[in-house]
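Chain order of the listed sequences is Y and A.
According to this note's numbering, the stretch in the first sequence is residues 3 to 262, in order.
According to this note's numbering, the stretch in the second sequence is residues 50 to 179, in order.
C-beta atoms are modelled at their ideal positions from N, C-alpha and C, and glycine is treated no differently.
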Amino acid sequence: MAGFRLPPNSRIRKGLTHRATPGAGEVRAVRIYRFDPTSGQNPRLDTFELDVKGCGPMVLDALIHIKAAVDSSLTFRRSCREGICGSCAMNINGVNRLACTTAMQDLSGAIRIYPLPHMSVVKDLVPDLTDFYAQYASVKPWLQARTPAPPDRERLQSKEEQERIDRPAACILCACCSTACPSYWWNSDRFLGPAALLAAYRWIVDSRDEATGERLDELQDPFRLYRCHTIMNCTDACPKDLNPAKAIAEIKKLLVERQC
Amino acid sequence: MPQRPLSPHLSVYKFKYTLATSILNRAAGLVLSLGLPALVYWLMAVASGTSAYTRASALLSLGVFKLLYLGQLAAFCYHLVAGVRHLIWDTGRGLERAQAQRSAWVVAGVSIVLMVLLGYWAFLAGARLS
């Protein structure tokens, strides 16, 4: 259900301020959401005065710099640092994006970093993605075919057939889209969310997949699919420029068309 | 283990055109359904004969109700135009990011023009006729 206020244990306290070292060049305030599960206290918002000249250009560079030089307890996920692993997805200045592909100079004012919205927080910027992955698994994101593959070659596709899955297959499961969606915020226990639905679409339109009917059956549900009200926050947030909103609209169309 | 906190959502997410058009559409729908009792009352009066209709007309012409009609008119215009945008989306068109951004402005513009035209017709031109 929609709960617009944060529960009492989630309200954010005033945090610590880490001043820049004297003589620092260009100083920028970076405010970061902190939660320490061992403290027994509510989350807080810490301010780090960052010498921008002293670290790389991206938000992820700032986080790594702060962890290395100021506060080693700062916790966040990161891996590839080039926008392909999806680990460093977080809410930066109000929008979900990847810290590694977001340049600090493109952000105005103080840099504000929160974990992905409306998620259970494990520590600092690390949300619990268990349900998100379970939703992805529930759409059976693999090829289902009854007819055996040709013995001498792969299951071939035409260029057009490949192009249909080209964009949706580029999803890195960073969760920027799903956690940007208000419908997902209020109904994440029953609505699959844009990321899982984009994956479902990718397999529904795959010319080699033979479980299209079953896949559509699974989605014909007031919550799993139809909680999408085309708010468009998903497409607006996607750091890979994919279009979950369009994929969901296409699934809805397919469900109508098969009744005709 | 202590209970994990819920990360902030509405309070931190940027209020962009996506959220604005969506929440406005919902608010407009809510306003329209709140205005329904007045419409139902008027229709019942029409069906109940001359004396009931005269009484209803006198009541519904009060200044307070004029304010209600203004709200209804604004909500109707926005809800109508935003609804057409949703219809177009449901055909699978106009869902690219740039298109959705543009259509948000188109919806705002067209619904304001419609509000002005309908408002002029209902409150000024119509009043002169009666």
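Cross-chain neighbours of residue i in chain Y, by beta carbon under 7 Å
i: W138 of chain A; result: T232 and A251
i: K223 of chain A; result: No statement about residue 223 of chain A is possible, as the shown extent of chain A runs from 50 to 179 and does not include it.
Residue-chain proximity (residue i, chain Y), Cβ-Cβ < 8 Å
i: V159 of chain A; result: no
i: V61 of chain A; result: yes
i: R151 of chain A; result: no
i: S71 of chain A; result: yes
i: G132 of chain A; result: no
i: L144 of chain A; result: yes
Within-8 Å CB hit, residue i to chain A
i: T132 of chain Y; result: no
i: H120 of chain Y; result: yes
i: S12 of chain Y; result: yes
i: G88 of chain Y; result: no
i: A136 of chain Y; result: no
i: P224 of chain Y; result: no
i: P196 of chain Y; result: no
i: N37 of chain Y; result: The sequence as given places Phe at residue 37 of chain Y; Asn does not occur at that position. Judged by the 8 Å Cβ criterion, F37 of chain Y is in contact with chain A.
i: G2 of chain Y; result: Nothing about residue 2 of chain Y can be read from this structure; chain Y reaches only from 3 to 262.
i: P170 of chain Y; result: no
i: P241 of chain Y; result: no
i: P150 of chain Y; result: no
Integer-rounded CB distance, given that residue j should sit under 8 Å from residue i
i: A101 of chain Y; j: M92 of chain Y; result: 6 Å
i: N245 of chain Y; j: R166 of chain Y; result: N245 of chain Y to R166 of chain Y, Cβ: 13 Å. No contact.
i: L194 of chain Y; j: Q261 of chain Y; result: Not a contact, Cβ separation roughly 21 Å.
i: D130 of chain Y; j: R53 of chain A; result: 7 Å
i: H58 of chain A; j: W187 of chain Y; result: 5 Å
i: Y102 of chain A; j: V95 of chain A; result: 6 Å
i: L76 of chain Y; j: I68 of chain Y; result: 6 Å
i: I253 of chain Y; j: L199 of chain Y; result: 7 Å
i: P45 of chain Y; j: S12 of chain Y; result: 7 Å
i: A202 of chain Y; j: R217 of chain Y; result: 6 Å
i: T327 of chain Y; j: H120 of chain Y; result: Only positions 3 to 262 of chain Y appear in the structure, and residue 327 of chain Y is not among them; the question remains open.
i: T149 of chain Y; j: E84 of chain Y; result: Not really, about 39 Å apart at Cβ, beyond 8 Å.
i: A71 of chain Y; j: E51 of chain Y; result: Not a contact, Cβ separation roughly 12 Å.
i: N98 of chain Y; j: A239 of chain Y; result: 5 Å
i: M164 of chain A; j: A123 of chain A; result: 5 Å
i: D53 of chain Y; j: G27 of chain Y; result: 6 Å
Contacts of residue i in chain A (Cβ-Cβ under 8 Å)
i: F6 of chain Y; result: L59
i: N189 of chain Y; result: Within chain A, no residue comes near N189 of chain Y; the closest Cβ sits about 13 Å away, beyond 8 Å.
i: P129 of chain Y; result: S56
Amino acids of chain Y, ordered along the chain, whose beta-carbon sits closer than 8 Å to that of residue i
i: H135 of chain A; result: T232
i: S82 of chain A; result: Result: empty, since nearest Cβ-Cβ is about 17 Å, beyond 8 Å.
i: Q52 of chain A; result: N11
i: L68 of chain A; result: P184, I233 and N235
i: G141 of chain A; result: K248, A251, E252 and K255
7 Å Cβ cut-off: residues of chain A touching residue i
i: Y116 of chain Y; result: S56, P57 and V61
i: G85 of chain Y; result: Ordered by position in chain A, no residue passes the 7 Å Cβ test against G85 of chain Y, which lies about 17 Å from the chain.
i: V124 of chain Y; result: R53
Per-residue contacts from residue i into chain Y (C-beta, under 9 Å)
i: L88 of chain A; result: Chain Y residues near L88 of chain A: none, gap ~26 Å exceeds 9 Å.
Closer than 9 Å at the beta carbon, the chain A residues around residue i
i: P143 of chain Y; result: Residues of chain A passing the Cβ test: none, with the nearest at roughly 22 Å.
Which complete beta strand (DSSP E) runs does the segment 69–129 of chain Y hold, if anything under 3 residues is left out?
91–94, 97–100, 113–116 and 123–125
Entirely enclosed alpha helix (DSSP H) segments - the segment 164–202 of chain Y, minimum 4 residues:
184–189
Chain A contacts made by the segment 42–65 of chain Y, where a contact means CB separation under 8 Å
G42, N44 and P45
Curious, which full-length alpha helix (DSSP H) runs of at least 4 residues does the segment 85–109 of chain A contain?
99–109
Tell me the start and end of each unbroken alpha helix (DSSP H) in the segment 51–83 of chain A that is at least 4 residues and wholly inside, in chain order.
none
Which full runs of the beta strand (DSSP E) of 3+ residues lie inside the segment 10–81 of chain Y, going along the chain?
15–20, 29–36 and 46–53
Go through the segment 225–251 of chain Y residue by residue and report every complete run of the alpha helix (DSSP H) that reaches 4 residues or more, in order.
235–239
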